[in-house]
Structures are given as structure tokens and as C-alpha cells.
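Trainee: Take a look at the following structure, please.
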Amino acid sequence: MWGRRYLSLVVWCGLYGTAACGNALDTQRQPAATQSLGATLYEEFCQRVAHSADPRDVTGQSTFATCRYGVAPATSAGPSLLALTTQRDRFILAVDTAVDPDLVPDLRSLMGRMVPLYDDGTLQAHMAAVSEAIRGLAQAPDAVHALGRLAVRRGYVPAEADFAQACLSYDRLHVLSRTLSRGPGADPG
Numbered sequence: 001m002w003g004r005r006y007l008s009l010v011v012w013c014g015l016y017g018t019a020a021c022g023n024a025l026d027t028q029r030q031p032a033a034t035q036s037l038g039a040t041l042y043e044e045f046c047q048r049v050a051h052s053a054d055p056r057d058v059t060g061q062s063t064f065a066t067c068r069y070g071v072a073p074a075t076s077a078g079p080s081l082l083a084l085t086t087q088r089d090r091f092i093l094a095v096d097t098a099v100d101p102d103l104v105p106d107l108r109s110l111m112g113r114m115v116p117l118y119d120d121g122t123l124q125a126h127m128a129a130v131s132e133a134i135r136g137l138a139q140a141p142d143a144v145h146a147l148g149r150l151a152v153r154r155g156y157v158p159a160e161a162d163f164a165q166a167c168l169s170y171d172r173l174h175v176l177s178r179t180l181s182r183g184p185g186a187d188p189g
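Numbered according to my numbering, the sequence shown spans residues 1 to 189.
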């Protein structure tokens with residue numbers, strides 16, 4: 001009995017001593033370096049292309065360095081990924097140039113919320129439904145004619161300008177303005 005307690009005490013002291021010699025547990029999170037929006041989009045797109053080429057790599061570890069840092073992919077990576085990596089710098093530069101930096105935080109948030117919708121197939125289903133609706137409209141002659149009438153504008157004109165122009169070109173504007181200026185309940189004559 002005494003030997004058992006003694007042995008237990010020695011084991012616990014040994015474990016405690018071993019743990020005490022280790023480094024303190026670091027509880028401070030080291031944030032990853034922030035990438036530009038173009039680099040983030042490229043990395044996401046690259047990972048999805050890589051996953052479609054090799055669905056067995058569910059973690060994306062085999063192509064992480066390629067997609068994040070631009071390391072040349074293995075020749076077995078597939079033609080789509082090989083072609084995409086040749087355009088990496090152009091893609092990132094194009095996105096970073098095209099998007100206003102003030103919009104980036106909101107755009108990042110939006111894209112982050114869209115990823116689950118992409119992963120569960122919701123976005124693809126909606127795009128297919130919209131495509132089907134447009135295809136249906138294109139096959140209906142009356143709809144095509146009606147849409148054609150809506151689009152009879154020369155260049156871009158804000159809706160406010162169209163409304164003002166329509167009001168000012170009304171041929172009985174003087175009668176309308178006189179009638180409206182009398183106020184409610186006034187004698188129309």
C-alpha cells in the first residue's frame with residue numbers, strides 16, 4: 001500500500017516537473033498577414049480549381065503554396081491549374097486596380113457570407129433558375145418586344161432626368177400647372 005502511494009507520488013512529481021520545464025503556453029493569436037483583395041480572390045479561385053482537378057485533396061494542402069504564394073504547381077496538377085497559375089500576377093493586379101479600396105471591407109464581408117451558399121449549391125441553383133427564366137423570356141416574342149420598348153433610351157440617362165424631361169415636354173403643362181396651383185377644393189373654372 002505504502003509503495004503504491006510512493007510510486008504514484010513519484011510519477012505525479014515527475015510529470016509535474018516535466019511540464020514545469022516546458023515553455024509557457026502562448027495564448028496570443030498571431031493574425032495571418034492580410035492579403036490584397038485580388039490575392040484573396042485568386043487564392044480562393046485557385047483552391048477551387050485545384051479541388052475540382054483533385055477532389056481527394058479535401059484539405060487543399062497539396063496546392064496551398066501554389067495558390068497562396070505562387071509556387072509552381074506540380075506537372076500533375078492538371079491543365080486548368082497550370083494555366084491559372086501563369087496568369088496569377090495579372091489576375092491579382094486587375095482585381096486590385098478595378099476595385100475601390102474603400103469597398104474592400106464590405107466586399108470581403110459579402111464574399112465571406114457567400115461561400116457557404118456556394119458550398120451547398122444554393123448559388124448555382126439560383127443562377128440556373130435565372131438562366132432558365134431569361135431563356136424563357138427570350139423564347140416569348142411578346143416579352144422580347146416589351147423589353148425592347150423599355151430599352152429605347154439613347155445612352156445612359158438617370159431616371160430623374162427622364163421624369164423631368166417627360167414633365168417638361170407635356171403639351172398641356174400650362175393647364176396642369178394652373179389647375180394644380182389653385183389647390184384642393186378650389187373652383188375649377
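The C-beta atom is built at its ideal place from N, Cα and C for all residues, glycine as well.
1) For Y118, collect the residues of the same chain with a Cβ closer than 8 Å to its Cβ; drop the 5 residues on either side in sequence, then sort them by chain order.
2) Using C-beta distances below 8 Å, list every residue in its chain close to A94, excluding the 5 sequence neighbours before and after it, in chain order.
3) Are there 16 or more other CB atoms within 10 angstroms of the CB of T59, so buried, or fewer, so exposed?
4) If you compare alpha carbons, which of Q87, P79, V11, V10 is closest to E43?
5) Would P55 and T66 be called neighbours here (beta carbons separated by less than 8 Å)?
6) Could you check what DSSP says for Y118 in three-state terms: helix, strand or coil?
7) Less than 8 Å between the beta carbons of A77 and T63, yes or no?
8) Under 8 Å by Cβ, that's how I've got L107 and V99 pegged, so tell me the actual separation to the nearest angstrom.
9) Relative to the C-alpha of L41, which residue among D57, F91, V11 is closest?
Mentor: So, from the data block:
1) Taking the sequence shown and counting its residues from 1, one reaches residue 118 at position 118. Cβ neighbours of Y118 beyond the five flanking positions: Q124.
2) Here residue 94 refers to the residue found at position 94 of the sequence shown. Within the same chain, A94 has close Cβ partners G38.
3) Working through the sequence shown from its first residue, we reach residue 59 at position 59. With fewer than 16 other CB atoms across the displayed protein chains lying within 10 angstroms of its CB, T59 is exposed.
4) Position 43 of the sequence shown, counted from the first residue, corresponds to residue 43. Closest option to E43, Cα to Cα, is Q87.
5) Numbered from its first residue, the sequence shown carries residue 55 at position 55. Numbered from its first residue, the sequence shown carries residue 66 at position 66. No, the Cβ-Cβ distance between P55 and T66 is not below 8 Å.
6) Here residue 118 is taken as the residue at index 118 of the sequence shown, counted from 1. The three-state reading of DSSP puts Y118 in helix, counting H, G and I together.
7) Taking the first residue of the sequence shown as position 1, residue 77 is located at position 77. Taking the first residue of the sequence shown as position 1, residue 63 is located at position 63. Yes. Within cutoff.
8) For the purposes of this step, residue 107 is identified with residue 107 of the sequence shown, where counting begins at 1. For the purposes of this step, residue 99 is identified with residue 99 of the sequence shown, where counting begins at 1. Indeed they touch by this definition, with Cβ atoms about 7 Å apart.
9) As a first step, residue 41 must be located in the sequence shown, where it is residue number 41. It is F91 whose Cα lies nearest to the Cα of L41.
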